[in-house]
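Residue numbers (this note's numbering): 1464 to 1710.
Only one structure is covered here, and it is reproduced in the block below.
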Amino acid sequence: MHRLPRLAILLLTFGFATAAVAGPTEDARARNALRVLTDIQDIPESAIPDKLLDQARGIVVVPDTLKIGLVFGGRRGHGVVSVRSPDGTWSNPAFVKLTGGSIGFQAGVQSSDIVLVFTSQRGLDSIVNGKITLGGDASIAAGPIGRSTAMATDGQLEAEIWSWSRARGLFAGVALDGAVLSIDDDANQAAYGQGTTPRMIFEGRAAQQPSNAIVDFRDQLEEATAAASYARGTGRGRAAVQAGAQA
1464 MHRLPRLAIL LLTFGFATAA VAGPTEDARA RNALRVLTDI QDIPESAIPD KLLDQARGIV
1524 VVPDTLKIGL VFGGRRGHGV VSVRSPDGTW SNPAFVKLTG GSIGFQAGVQ SSDIVLVFTS
1584 QRGLDSIVNG KITLGGDASI AAGPIGRSTA MATDGQLEAE IWSWSRARGL FAGVALDGAV
1644 LSIDDDANQA AYGQGTTPRM IFEGRAAQQP SNAIVDFRDQ LEEATAAASY ARGTGRGRAA
1704 VQAGAQA
C-alpha cells in the first residue's frame, strides 16, 4: 500500500534534483562562450581595452558563428548575453541568436567567434524586448584591439556597440551592420525554467537556478571586468578584486 506514495516521492525528488540542470546543448554553448571570453582576454594584443570592459553595460559572446557565401551570403550563430547591474555585478547569461545576410559575389564557408560590447542602455533595452538590429537600433563599430588601446576618433567614441571577430588566430575588429541579435527563448526555457523571460534572468528572478556551466561564464566575466577596473584605478574594480582575494 505504501509503494505508490513512495514512488511518487522518488519521482518528485528526482524532478527537483534535475530542475537546476540545463540541457547538454545549453551547457555546451555556455562553455564555448567561456572559452572565447577567456581567449580574447588572455592575449594582450587582441584583448578588449580596459576602458571599454570597465564601462561595458552588456557583453555578448557568440562562438563558432557560421558565415556561408554563395552569391547570397548569410551568418548564423548561437551565444549568450550578460548585462551589468547598477552595483557593477554581472547577471547570469541569457541565450541569444545572431543572424544576418548580405548580397554580392562571394563564395566560401567560414566559422568565427564574435564578441560584442554594449556601452549604452538603449541597445540592451532592445535585447530585453526580443531583438536588436546592429547598426540600425544601435550604432556599431569595429572594436579596437589591445588592452590599453585608446579610442582614437569622435565617431568611435559615439559607438553604442563594439564588435570583434576571430576567424583565425587573433581577434580583430569587425563590422556587423545589419545583423540581428535576438533572444533564444527555447534555450532560456531549457536553462532557467518555463515562463522565464530575459528580464527575469538579468534581474536574478528566473524560475530555476542555472547549471554550473552557465554560472561559470558569469564568474569569468566578473573576474575580467574587475581586473580591468582595477587596472584603471576605479574604486569598483579595486573593491571587487580585493573582495575576491579575501574570499
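We put the beta carbon where it would ideally sit given N, CA and C, even for glycine.
Would you kindly report the start and end of the unbroken beta strand (DSSP E) that includes residue i?
i	result
LEU1644	1643-1646
THR1501	Note, THR1501: premise wrong, no beta strand (DSSP E); alpha helix (DSSP H) at 1487-1505.
ALA1605	1603-1605
ILE1677	Unbroken run through ILE1677 is the alpha helix (DSSP H), 1675-1695; no beta strand (DSSP E).
ARG1629	1624-1629
THR1552	Careful: THR1552 lies outside any beta strand (DSSP E) and carries neither H nor E.
ILE1595	1594-1596
Going by beta carbon distance, what residues of the same chain come within less than 8 Å of residue i, once the five residues before and after it are set aside?
i	result
THR1582	LEU1515, GLN1518, ALA1519, ARG1520, ALA1622, GLU1623, ILE1624, TRP1625
ALA1669	ASN1555, TYR1655, GLY1656, THR1659, MET1663
ARG1695	ASP1513, LYS1514, ASP1517
THR1697	ASP1517
THR1488	ALA1650, ALA1653
If you draw a straight line from the C-alpha of residue i to the C-alpha of residue j, how long is it?
i	j	result
THR1552	ASN1592	22 Å
ASP1545	PHE1634	Per the sequence shown, the amino acid found at residue 1545 is Ser instead of Asp. Approximately 20 Å between the Cα atoms of the pair.
MET1614	GLN1657	Since pLDDT at MET1614 reaches only 49, below the 50 mark, its modelled position is unreliable, and no value is offered.
VAL1525	ASP1679	16 Å
ALA1630	GLY1542	16 Å
GLY1540	THR1528	4 Å
ILE1522	GLN1672	21 Å
GLY1636	GLY1586	19 Å
ARG1492	SER1628	17 Å
ASP1647	ASP1490	14 Å
GLU1685	THR1501	12 Å
PRO1607	ASP1550	27 Å
Would you decide whether residue i is buried or exposed? Buried here means 16 or more other CB atoms lie within 10 Å of its CB.
i	result
ALA1638	exposed
ASN1675	exposed
GLN1584	exposed
GLY1667	exposed
ASP1588	exposed
GLY1486	exposed
SER1548	exposed
ASP1649	exposed
Just to confirm my understanding: we take residue i, look at its own chain, exclude 5 residues before and 5 after, and list those with CB closer than 6 Å. What are they?
i	result
SER1645	LYS1560, LYS1594
PHE1665	VAL1546, SER1554
ARG1662	VAL1591
LEU1497	ASP1679, PHE1680, GLN1683
GLN1504	ALA1510, ALA1687
LEU1579	VAL1523, ILE1624, SER1626
ALA1557	VAL1544, ASN1651, PRO1661, ILE1664
ASP1576	VAL1499, PRO1526, ARG1629
What are the boundary residues of the alpha helix (DSSP H) that includes residue i?
i	result
ARG1585	1584-1591
ILE1664	1661-1665
ASP1640	Note, ASP1640: premise wrong, no alpha helix (DSSP H); not H, not E.
Near residue i, what residues of its chain come up, given a Cβ to Cβ distance below 7 Å and the 5 sequence neighbours on each side ignored?
i	result
ARG1494	ALA1676
Using 8 Å as the Cβ pair cut-off and three pairs as the minimum, do the segment 1688-1695 and the segment 1593-1608 touch?
Output reads no: the segment 1593-1608 does not touch the segment 1688-1695.
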